[in-house]
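Number of protein chains: 2
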Amino acid sequence: MPEQKYVLEKIFQANDNIAAENRYKLDKAGIYSLNLVASPGAGKTSLVECTIKMLKPQFRISVINGDIATRFDTDRAAAVGAQAAQINTGGECHLDAMMVKTALNDLSLAGVDLLIIENVGNLVCPASFKLGTHCMVVVASVPEGDDKPYKYPGTYLKADVIILNKIDLLPYVPFNVETFLRGVRILNPNAEVFEVSCLKDLGLDRWSNWLSTKIRSPR
Amino acid sequence: MPEQKYVLEKIFQANDNIAAENRYKLDKAGIYSLNLVASPGAGKTSLVECTIKMLKPQFRISVINGDIATRFDTDRAAAVGAQAAQINTGGECHLDAMMVKTALNDLSLAGVDLLIIENVGNLVCPASFKLGTHCMVVVASVPEGDDKPYKYPGTYLKADVIILNKIDLLPYVPFNVETFLRGVRILNPNAEVFEVSCLKDLGLDRWSNWLSTKIRSPR
Chain A
4 MPEQKYVLEK
14 IFQANDNIAA
24 ENRYKLDKAG
34 IYSLNLVASP
44 GAGKTSLVEC
54 TIKMLKPQFR
64 ISVINGDIAT
74 RFDTDRAAAV
84 GAQAAQINTG
94 GECHLDAMMV
104 KTALNDLSLA
114 GVDLLIIENV
124 GNLVCPASFK
134 LGTHCMVVVA
144 SVPEGDDKPY
154 KYPGTYLKAD
164 VIILNKIDLL
174 PYVPFNVETF
184 LRGVRILNPN
194 AEVFEVSCLK
204 DLGLDRWSNW
214 LSTKIRSPR
Chain B
4 MPEQKYVLEK
14 IFQANDNIAA
24 ENRYKLDKAG
34 IYSLNLVASP
44 GAGKTSLVEC
54 TIKMLKPQFR
64 ISVINGDIAT
74 RFDTDRAAAV
84 GAQAAQINTG
94 GECHLDAMMV
104 KTALNDLSLA
114 GVDLLIIENV
124 GNLVCPASFK
134 LGTHCMVVVA
144 SVPEGDDKPY
154 KYPGTYLKAD
164 VIILNKIDLL
174 PYVPFNVETF
184 LRGVRILNPN
194 AEVFEVSCLK
204 DLGLDRWSNW
214 LSTKIRSPR
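Residue numbers (the working numbering), protein chains in the order written: chain A, 4 to 222; chain B, 4 to 222.
This is how it looks when you write it as structure tokens:
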């Protein structure tokens, strides 16, 4: 359908323009920003909670949570001390730059150092929509299986950081870390990779140190 | 964007028409059919493997696997004795009725009793596209968390069957079965629910008995 292609091009172009506006606004405010992308239940919200707890002594953090329904994740981020805004997409399978622009208007950006945007749980569609963030983080998890980079290459290709979560479950499920990492490296040799367990507090120091350096770096 | 709404309506309408054609073809061939929908890594392919192993003494089974990339899952279904066809969607986040129509042309339907269609791993988009199957099965998994029915209501609403997989991991992760089931019941009081572990072969007899009855029922 030629109309479909035309409309999609128009949508992506409009989205990219608004993403560039969002980036300008974030840069002007001196805010480093993450776009967390993952399957449902990979542990994005747990990672947000752990990251806030570790970094809040040094940095002021805001969170935007994207979900089809509920404000569960926003409540979790607020409970550990972040300013948090909820986007409920209705049925939409991803956040887009306009939704983030609207949410940025709801947040007070003065003094904020880090903005974490938690996308809708979906390993496909969010990768097609830039939000204006500085860093796209793909959160993988051990029980999902080691074949995910091979099966969802579009998302793994675009990641700046890949966090493999739930490594505490390695003894209980078939998951070969080498197979997973080989898939990551084939697609995306430059991505930073962190192996963590948010539940058992494993490997998170390396991630928070890396992120702290990024937040402090000039942009 | 009004063009966007117009194009989406056209797409859904065209899809529904082709889904009806697929259903007609399946009914005429006396085939019962499942559409498996789940997050990436919930265990759709493991469920397909277990189901084939249990039912192949009684029934002839074909499988259509949808994936963005790779034919890993088709190879797994073929290895346990099913006729299997692969659909690689490129970047598409769901199967649609036209893809299934094409795949049905590739399969030999004579004598087949059960067709299992494994959708792309995505808990959002596949629910919007009818394929023409008799039964939509949502595969949930324990490590994803008990909040998924609340957060992905569109998919849980449309399910005929919900299979909660990976119950062997209940001792190792925070997951309240009651919370999960309450979410399911609020949205969808009539869905059949099965609690299983494909890895540890738990709870699968009830599922295979239910499915056998469906396959044998007149349509």
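Here a beta-carbon is modelled for each residue, glycine too, at the ideal position from N, C-alpha and C.
Chain-ordered neighbours of residue i on chain A, where CB pairs are closer than 7 Å
i, result
"E147(B)", "P43 and G44"
"Y175(B)", "L172 and Y175"
Contacts that residue i makes with chain A (C-beta to C-beta distance below 9 Å)
i, result
"E6(B)", "E6, Y9, V10 and K13"
"K169(B)", "P146 and V176"
Listed by chain order, chain B residues near residue i by CB distance under 8 Å
i, result
"V123(A)", "V127"
"P156(A)", "I71 and A72"
Beta-carbon spacing of residue i, residue j below 7 Å
i, j, result
"D116(A)", "I218(A)", "yes"
"A80(B)", "V103(B)", "no"
"V196(A)", "L205(A)", "no"
"V123(B)", "G69(B)", "yes"
"L118(B)", "I55(B)", "no"
"L112(A)", "A23(A)", "no"
"T77(A)", "Q86(A)", "no"
"A143(A)", "K151(A)", "yes"
"G94(A)", "A130(A)", "no"
"R209(A)", "G135(A)", "no"
"N125(B)", "V145(A)", "no"
"N18(B)", "A82(B)", "no"
"G73(B)", "Y153(A)", "Looking at the sequence itself, residue 73(B) is Thr, so the reference to Gly does not match. It is a contact, given that the beta carbons lie within the stated cut-off."
"E181(B)", "P43(A)", "no"
"I71(B)", "T92(B)", "yes"
"V10(A)", "E6(B)", "yes"
"N168(A)", "G46(A)", "yes"
"R222(B)", "D30(B)", "yes"
"I120(B)", "I67(B)", "yes"
"V187(A)", "I170(A)", "no"
"Y155(A)", "N191(A)", "no"
"L37(B)", "S65(B)", "no"
"C201(B)", "C53(B)", "yes"
"M57(A)", "S220(A)", "no"
Residue-level contact to chain B via CB, residue i, 7 Å cutoff
i, result
"Y153(A)", "yes"
"G94(A)", "yes"
"D19(A)", "no"
"D150(A)", "yes"
"G186(A)", "no"
According to DSSP, residues forming a beta bridge with residue i
i, result
"S65(A)", "Q86(A) and L118(A)"
"S220(B)", "Paired residues: none, contrary to the question."
"C53(B)", "None, per the DSSP bridge assignment."
"E195(B)", "V164(B)"
"L107(B)", "DSSP output for L107(B) lists no bridge partner at all."
"S144(B)", "N168(B)"
"S36(B)", "L118(B)"
"A41(B)", "V142(B)"
"D204(B)", "Bridge partners of D204(B): none, in fact."
"N91(A)", "D70(A)"
is_contact[residue i, chain E] using C-beta, thresh 7 Å
i, result
"T105(A)", "Looking at the structure shown, chain E is missing, and the protein chains on hand are A and B."
Contact set between the region 190 to 208 of chain B and chain A, restricted to residues whose Cβ is under 9 Å from the partner: L202
Along the region 64 to 87 of chain A, what residues have a CB closer than 7 Å to any CB found in chain B? D70, I71, A72, T73 and F75
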